[in-house]
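A short worksheet on the structure shown next.
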Amino acid sequence: MKIVITGALGHIGSSIIHEFPKHFPGADIILIDNLLAHRYCSLFNLSNYCNFQFIEADVSLVDLSDVVIDADIVLHLAAITDAANSFQIREKVAQVNFSATQQMAKLCLKYNVPLIHLSSTSVYGSQSCVMDEDCATDQLNPQSPYAETKLKEEKLLSDYQHRGLKYTICRFGTICGVSQGMRFHTAVNKFCWQAVMGHPLTVWRTAQFQKRPYLTLSDAVGSILHIIKKELYDGTTYNVLSQNMTVNDIIDIIRTYVNDVHISLVDAEIMNQLSYEVSNTKFQNTGFRFSGNVEKSIKETVTLLLNAGKRIVCFNPVI
Ligand SMILES: NC(=O)c1ccc[n+]([C@@H]2O[C@H](COP(=O)([O-])OP(=O)(O)OC[C@H]3O[C@@H](n4cnc5c(N)ncnc54)[C@H](O)[C@@H]3O)[C@@H](O)[C@H]2O)c1
Numbered sequence: 004m005k006i007v008i009t010g011a012l013g014h015i016g017s018s019i020i021h022e023f024p025k026h027f028p029g030a031d032i033i034l035i036d037n038l039l040a041h042r043y044c045s046l047f048n049l050s051n052y053c054n055f056q057f058i059e060a061d062v063s064l065v066d067l068s069d070v071v072i073d074a075d076i077v078l079h080l081a082a083i084t085d086a087a088n089s090f091q092i093r094e095k096v097a098q099v100n101f102s103a104t105q106q107m108a109k110l111c112l113k114y115n116v117p118l119i120h121l122s123s124t125s126v127y128g129s130q131s132c133v134m135d136e137d138c139a140t141d142q143l144n145p146q147s148p149y150a151e152t153k154l155k156e157e158k159l160l161s162d163y164q165h166r167g168l169k170y171t172i173c174r175f176g177t178i179c180g181v182s183q184g185m186r187f188h189t190a191v192n193k194f195c196w197q198a199v200m201g202h203p204l205t206v207w208r209t210a211q212f213q214k215r216p217y218l219t220l221s222d223a224v225g226s227i228l229h230i231i232k233k234e235l236y237d238g239t240t241y242n243v244l245s246q247n248m249t250v251n252d253i254i255d256i257i258r259t260y261v262n263d264v265h266i267s268l269v270d271a272e273i274m275n276q277l278s279y280e281v282s283n284t285k286f287q288n289t290g291f292r293f294s295g296n297v298e299k300s301i302k303e304t305v306t307l308l309l310n311a312g313k314r315i316v317c318f319n320p321v322i
């Protein structure tokens with residue numbers, strides 16, 4: 004078996020590449036990443052049970068025909084992922100993320116290789132009822148350049164389906180949990196970091212009591228394994244999330260592990276994104292059981308940082 008993974012060194016990819024050898028012993032796993040996120044450490048201690056090959060490349064620019072031609076599956080994770088800061092680099096996010104997806108879709112179509120593409124539940128934006136995958140495109144309400152581009156990528160894949168592309172789109176909720184290449188720019192992990200380091204948690208002014216979908220890394224990896232094992236390349240979209248929770252729920256959990264947690268309400272361009280709850284029933288109906296627990300992920304993250312915090316003095320510079 005040959006599996007190609009773009010963006011393989013990132014928060015989600017690093018968990019996948021350390022988990023896959025248990026499930027696909029002997030497989031050739033090709034890891035492609037342009038090191039934008041500097042996650043060199045994701046390559047440390049990879050298992051001997053698979054044949055790994057790392058290619059440092061920007062998938063929006065490099066022709067990867069030789070890599071995809073005999074692949075059994077492409078898992079496309081490569082993207083500029085910081086939604087809140089995507090307002091400052093709107094054109095770059097639109098150009099790089101869209102081109103990267105287009106390149107991989109073209110190659111998968113040409114060589115008849117199934118594509119798993121990661122989208123985001125942020126395409127739903129602000130909604131008053133629980134959202135499922137069947138809602139009309141004009142009901143979707145993305146609130147950042149990152150989410151707008153995800154929606155355009157989904158549309159692109161649906162256009163390619165008519166030409167014969169086999170694919171599955173997963174709309175992932177916000178990731179939480181520990182991985183070798185983990186990042187701290189999304190809500191849960193950022194709050195864990197801030198709490199342990201003694202910083203106030205920077206909560207968007209409108210967001211504290213809004214519900215959002217969250218996904219544990221274990222469910223994220225489990226969902227990808229489920230799709231590959233069931234060959235679920237049905238050209239549709241699945242919401243993949245462990246729980247809908249409010250920011251306040253998350254802060255309450257962090258408070259059970261960290262003392263003296265303070266909140267600082269901040270303004271952000273992405274605040275227009277109001278509450279939205281998302282249903283994961285369609286994916287459950289394929290036989291997948293969500294078993295991830297956001298509280299457990301928070302505990303693991305905080306514990307990891309608390310251990311480091313014993314040896315680190317964290318300065319809050321006065322500006
Ligand atoms: N983390 C989340 O909460 C979340 C939620 C929903 C969807 N997603 C999606 O899941 C995928 C993986 O997310 P993640 O959290 O691991 O992000 P991440 O930023 O940690 O990892 C992305 C990886 O892609 C690489 N990369 C970026 N642009 C590239 C390019 N043009 N060519 C090659 N490599 C490139 C980066 O160096 C990085 O290692 C992304 O598509 C993201 O949009 C993530």
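If you read the sequence shown in my numbering, its first letter stands for residue 4, the second for the next number, and so on.
For glycine and all other residues, C-beta sits at the position ideal for the given N, C-alpha and C.
In this text, all values refer to a predicted model and were calculated from it rather than measured experimentally.
Query	Result
Return yes when the Cβ of Pro-24 is within less than 7 Å of the Cβ of Cys-53, no when it is not.	yes
Residues in its own chain within less than 8 Å of Glu-22 by CB, not counting five upstream and five downstream?	Val-224 and Leu-228
Determine the extent of the alpha helix (DSSP H) in which Pro-148 is found, giving its start and end residues.	148–164
Please go through the stretch 79–118 and give each complete alpha helix (DSSP H) segment of 4 or more residues, from N-terminal end onward.	93–114
Count the C-beta pairs between the stretch 196–204 and the stretch 28–40 that are closer than 8 Å, then say yes if the count reaches three, no if not.	no
Can you give me the Cβ contacts of Leu-309 inside the same chain, cut-off strictly under 7 Å, excluding the 5 residues immediately before and after it?	Val-199
May I ask you to check if the CB of Tyr-108 is nearer than 6 Å to at least one heavy atom of ligand 1?	For the sequence presented, residue 108 should be read as Ala rather than Tyr. No - ligand 1 has no heavy atom lying nearer than 6 Å to the Cβ of Ala-108.
Does the pairing of the stretch 58–65 with the stretch 82–97 give three or more beta-carbon distances under 8 Å?	no
So, is Cys-195 buried or exposed, given that buried needs 16 or more other C-beta atoms within 10 angstroms?	buried
Given a cut-off of 7 Å, decide if Tyr-241 and Val-338 are closer than it, judged by their beta-carbon atoms.	Any answer about residue 338 is impossible in this case: the structure gives the chain only from 4 up to 322.
Measure the CB-CB distance between Asn-251 and Gln-211 and report whether it falls below 7 Å.	yes
Within the continuous beta strand (DSSP E) that includes Cys-173, where are the two ends?	170–175
Could you have a look at Asn-310 and say whether DSSP puts it in helix, strand or coil?	helix
Can the beta-carbon of Thr-177 be found closer than 7 Å to that of Val-281?	no
Between the C-alpha atoms of Lys-5 and Leu-34, what's the straight-line distance to the nearest angstrom?	11 Å
Can you tell me whether Asp-61 sits near ligand 1, meaning its C-beta is under 6 Å from at least one heavy atom of the ligand?	yes
Return helix, strand or coil for Gln-197, following the three-state DSSP convention.	helix
Looking at the structure shown, is Asp-263 part of a helix, part of a strand, or coil, going by DSSP?	coil
Do Lys-285 and Glu-136 have their CB atoms nearer than 7 Å?	yes
Find the nearest neighbour of Lys-169 within the set Ser-129, Ile-83, Ser-18 and Ala-108, judged by alpha-carbon distance.	Ala-108
Using the Cβ count rule (16 or more neighbours within 10 Å means buried), how would you classify Gly-10?	buried
Specify the secondary structure class of Ile-315 as computed by DSSP and reduced to three states.	Low confidence applies here, because Ile-315 scores a pLDDT of 49, under 50, leaving its location unreliable and the question unanswered by this model.
Leaving out five residues on either side along the sequence, give the residues of the same chain with a beta carbon under 7 Å from the beta carbon of His-26.	Leu-228
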